[in-house]
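S.K.: Here it is: the structure, laid out below.
2 protein chains.
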Amino acid sequence: MPMEALHHFLHRLTPIAPATWDKVHPLFTEARFEKGANYIREGQLAREIGFLEQGVMRAYYRNAAGQEYNKHFFTAPCFIGGYASLITGQPNVIQQEALTDCTVLSAPYAPFRALFDSCPDLERAARILAEQFFVAKEQREIEIVQLDAEERYRLFRERYPELEASIPQYHIASYLGVTPTQLSRIRRKSAGR
Amino acid sequence: MPMEALHHFLHRLTPIAPATWDKVHPLFTEARFEKGANYIREGQLAREIGFLEQGVMRAYYRNAAGQEYNKHFFTAPCFIGGYASLITGQPNVIQQEALTDCTVLSAPYAPFRALFDSCPDLERAARILAEQFFVAKEQREIEIVQLDAEERYRLFRERYPELEASIPQYHIASYLGVTPTQLSRIRRKSAGR
DNA sequence: GGCATCCGTATACATAGGTAAAGAAATCAG
DNA sequence: CTGATTTCTTTACCTATGTATACGGATGCC
Chain E
2 MPMEALHHFL HRLTPIAPAT WDKVHPLFTE ARFEKGANYI REGQLAREIG
52 FLEQGVMRAY YRNAAGQEYN KHFFTAPCFI GGYASLITGQ PNVIQQEALT
102 DCTVLSAPYA PFRALFDSCP DLERAARILA EQFFVAKEQR EIEIVQLDAE
152 ERYRLFRERY PELEASIPQY HIASYLGVTP TQLSRIRRKS AGR
Chain G
2 MPMEALHHFL HRLTPIAPAT WDKVHPLFTE ARFEKGANYI REGQLAREIG
52 FLEQGVMRAY YRNAAGQEYN KHFFTAPCFI GGYASLITGQ PNVIQQEALT
102 DCTVLSAPYA PFRALFDSCP DLERAARILA EQFFVAKEQR EIEIVQLDAE
152 ERYRLFRERY PELEASIPQY HIASYLGVTP TQLSRIRRKS AGR
C-alpha cells in the first residue's frame, strides 16, 4: 500500500474506513526536503498539512532580535505543519526546518478539512490529534515552569535518546531554553555520572 | 432556554442541531462552588466535564515541595475540568479552585463523549475546542519562553483587566512564574508609568 | 477599639543563567 | 592532508530572580 506510514498513523488514532482513506490519500503528494531546508516559513498563511515519513525536523520561533527558540523536534512518523496558522487563519509565526534529509507527504488543508463533513472518522482522528497536541503542550508547559534546565536536559535525553548525538548542541540548548554556554556547564557537571 | 450560556458557547464553535442539544443538555447539572472550593483535585481520574457559567477559577499545578503554579485563569463562560486527564485516562495533576463564588454546569464525560458517535456536530465542537486549547497553549509557551516577567505582567494586565484588582497578587505572581517579591519589584519599577 | 491574620512591600544575600570573548575540538572542502 | 569553518567548552563578569526575613497596612473578628 502506498503511504503506508500515514495510513497506519491515522488508524492508530481511530479506525479509518476504507472509503475515507480512498478520499484522503489522493490529497497527499510526496516531497523531499534536504537537511537545512525549510518546510514552512513565518509570516505566511499555512495552507498545507504535512506528514513526516522519514527524518527529523525542528519547529522554532524566531523573535524580533533574531534569537531562535526550538519549540519542538519532530521525529517521523508524525504530522508537521503550521497547525496554529491552519486553525486560526492567522499568519504563521513558527518555522520548521529539516535537521536531516526528510521525506514528507503534503496535502492542501482546505480539501482535507472539507472531508470532515462526509467522513466523521476523519474528523474524529483530527479531534484526537488536537487533543494529544494539547496534552503534550500542557505537559511541556509544566516542565518549563517547574523544572530547572538540568532536569529538563535529563528528560530530553530520556525522551529523544537518538537525537542528542545527531544534532548540534545549540539546538538542544535552545529547546531547553538556555544558551549553549549553560548547557555546556550542565553537561560538565553531570559528566561524572 | 435553560443552560443558555452553554448552548450559546457551543453554537459559536459550530452549529449544533436541536436534536443534538436535546441529548446534550440533560447530561449537565448545575452546582455552586463557593470561593475557595476545589472543582477538581489532583491524583484522581477526571470523570466530569464542566462549564463555568459564572465566576473565576484558577487551574494550578502543585509540585512535590508544595509550591503552586497557576497555569490558567478561567473566566466565565468557558469549559473547565481536568481535560488532560479526561483525554489520557491518567490521574489528574491539575487542581482547579474557585477564586470567586462560581456556578458550574457539570456532566459525566463518558456519556458526553459517547454522543460523538451519533452527533458529528458535537464531535466537531470538541475538535474545534481542542484546537483552540492547543493554540492558546502554544501561544502561552512562546510568551513564557520569549518574554521576561515584566512583559508577561504587561500582557496579563491587558488580557485580564478586571482580574488584577480582584484576586491576590500572589496568584498573579504565580501565573507569571515569579515570586510575589519579584512581582512587587516589577510593580514598583513600572509605577512611574 | 483592640488584637490577630493576611497580604504587599522592602532588604540582604545567594544562585541560575545570560553575555562576550577566546581557545579547543571537530568537521568539511579542496 | 591541510586550511577553513563550525561547534563545543571555558572563563570572567553581570543581571534577573529566588530565599529568608522583617515590617507595615489592611481586613476582619470579638
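For the record, the sequence lines run as chains E and G.
This note's numbering applies: residue 2 is where the first sequence begins, and numbers increase by one.
This note's numbering applies: residue 2 is where the second sequence begins, and numbers increase by one.
Glycine residues also receive a C-beta, built at the ideal position from the N, C-alpha and C atoms.
Predicted model, so just to flag it, every value in this text is computed and none were measured.
(1) In chain order, which alpha helix (DSSP H) runs of at least 4 residues are fully inside the stretch 151–189 of chain E?
(2) Can a CB atom of chain G be found closer than 8 Å to the CB of residue 155(E)?
(3) On the three-state DSSP scale, how would you describe residue 88(G)?
(4) Mapping the DSSP letters down to three states, classify residue 25(G) as helix, strand or coil.
(5) Under DSSP, the alpha helix (DSSP H) around residue 57(G) begins and ends at which residues?
(6) Is the CB-CB distance between residue 146(E) and residue 129(G) below 8 Å?
(7) Determine the direct distance from the alpha carbon of residue 107(G) to that of residue 1(G), and round the result to whole angstroms.
(8) Whose CA, out of 49(G), 58(G), 51(G) and 20(G), lies closest to the CA of residue 222(G)?
(9) Once you ignore the five residues that flank residue 175(E) on each side, which residues in its own chain have a CB closer than 8 Å to its CB?
(10) Does residue 89(E) have its Cβ less than 8 Å from a Cβ in chain G?
(11) Taking residue 164(G) and residue 92(G) to be in contact with their CB atoms under 8 Å, please state how far apart those CB atoms are, rounded to whole angstroms.
(12) At least one CB of chain E closer than 8 Å to the CB of residue 138(G): is that the case?
(13) If I measure Cβ to Cβ from residue 120(E) and keep anything under 7 Å in the same chain, skipping five residues before and after, which residues do I get?
(14) Alpha carbons only, please: which of 73(E), 18(E) and 13(E) is nearest the one belonging to residue 117(E)?
(15) Suppose you measure from the CA of residue 16(G) to the CA of residue 140(E); what does that come to, to the nearest Å?
(16) For my contact list, residue 138(G) and residue 142(E) are in at a C-beta cut-off of 8 Å; report their separation, rounded to the angstrom.
(17) Note down the Cα distance separating residue 193(G) from residue 66(E), rounded to an integer number of angstroms.
(18) Taking the DSSP output, what are the residues bridged to residue 33(G)?
(19) Tell me which residues of the stretch 106–137 of chain E have at least one Cβ-Cβ distance to chain G shorter than 8 Å, keeping chain order.
(20) Return yes when the Cβ of residue 56(G) is within less than 8 Å of the Cβ of residue 104(G), no when it is not.
(21) What are the residues of the stretch 160–190 of chain E that lie near chain G, defined by any Cβ-Cβ distance shorter than 8 Å?
(22) Within its chain, find whatever has a CB closer than 7 Å to the CB of residue 181(G); leave out the 5 residues flanking it on each side and keep chain order.
(23) Taking only beta carbons into account, state which residues of the stretch 142–154 of chain G come closer than 7 Å to chain E, listed in chain order.
(24) Could you tell me which residues DSSP puts in a beta bridge with residue 70(G)?
(25) What's the call for residue 185(G), buried or exposed, on a 16-neighbour Cβ count within 10 Å?
(26) Would you mind working out which of 4(G), 167(G), 12(G) and 177(G) sits nearest residue 100(G), comparing C-alpha positions?
(27) Taking the alpha carbon of residue 11(G) as the point to measure from, which residue in 122(G), 187(G), 159(G) and 157(G) has its own alpha carbon closest?
(28) What residues in its chain sit with their C-beta under 6 Å from that of residue 151(E), if we drop five residues either side in the sequence?
(29) Apply the 10 Å Cβ neighbour rule to residue 125(E) and answer buried if 16 or more other Cβ atoms are within range, or exposed otherwise.
(30) The beta strand (DSSP E) with residue 99(E) in it runs from where to where?
(31) What do you get for residue 49(G), buried or exposed, if any count of 16 or more other CB atoms within 10 angstroms of its CB means buried?
(32) Which residue from 39(G), 133(G), 4(G) and 112(G) puts its Cα closest to that of residue 96(G)?
(33) May I ask you to list the residues that DSSP assigns as paired with residue 1(E)?
(34) How would you write the range of the beta strand (DSSP E) that residue 17(G) sits in, first residue to last?
(35) At least one CB of chain E closer than 8 Å to the CB of residue 85(G): is that the case?
(36) Any idea which residues DSSP pairs residue 80(G) with across the strands?
M.R.: In brief:
(1) Here the runs fully enclosed are 164–167 and 170–177.
(2) At a cut-off of 8 Å, the C-beta of residue 155(E) has no neighbouring C-beta in chain G.
(3) helix
(4) helix
(5) Careful: residue 57(G) lies outside any alpha helix (DSSP H), inside the beta strand (DSSP E) at 57–63.
(6) Result no, Cβ atoms of residue 146(E) and residue 129(G) do not sit closer than 8 Å.
(7) The structure shown does not extend to residue 1(G), since chain G is modelled only from 2 to 194, so the question has no answer here.
(8) There is simply no residue 222(G) to check, as chain G begins at 2 and stops at 194 in what is shown.
(9) 61, 69, 70 and 71
(10) yes
(11) Their Cβ separation, rounded to whole angstroms, is 29 Å, which puts residue 164(G) and residue 92(G) out of contact at 8 Å.
(12) yes
(13) 21 and 24
(14) For the options 73(E), 18(E) and 13(E), the alpha carbon positioned closest to that of residue 117(E) is the one of 18(E).
(15) 31 Å
(16) 6 Å
(17) Low confidence applies to residue 193(G): its pLDDT is 49, below 50, so where it sits in the model is not reliable enough to give any reading.
(18) 104(G)
(19) 117, 121, 124, 125, 127, 128, 131, 132, 133, 134, 135 and 136
(20) Yes; because the gap between Cβ atoms is below 8 Å, this pair is in contact.
(21) 178
(22) Once the five neighbours on either side are set aside, the close Cβ partners of residue 181(G) are 170, 171 and 174.
(23) So the close ones are 142, 143, 145, 146 and 147.
(24) According to DSSP, residue 70(G) bridges with 62(G).
(25) Within 10 angstroms of the beta-carbon of residue 185(G) lie fewer than 16 other beta-carbons, which makes it exposed.
(26) Ranking 4(G), 167(G), 12(G) and 177(G) by CA distance to the CA of residue 100(G) puts 167(G) first.
(27) Distance from the Cα of residue 11(G) is smallest, within the candidate group 122(G), 187(G), 159(G) and 157(G), for 122(G).
(28) 187
(29) Of the residues assessed, residue 125(E) falls on the buried side of the cut-off, its CB having 16 or more other CB atoms within 10 angstroms.
(30) 95–99
(31) buried
(32) Residue 39(G) is the option with its Cα nearest to residue 96(G).
(33) Limits of chain E in this structure are 2 at one end and 194 at the other, which puts residue 1(E) out of reach.
(34) Per DSSP, residue 17(G) belongs to no beta strand (DSSP E) and is neither H nor E.
(35) Among the CB atoms of chain E, one or more fall inside 8 Å of the CB of residue 85(G).
(36) 52(G)
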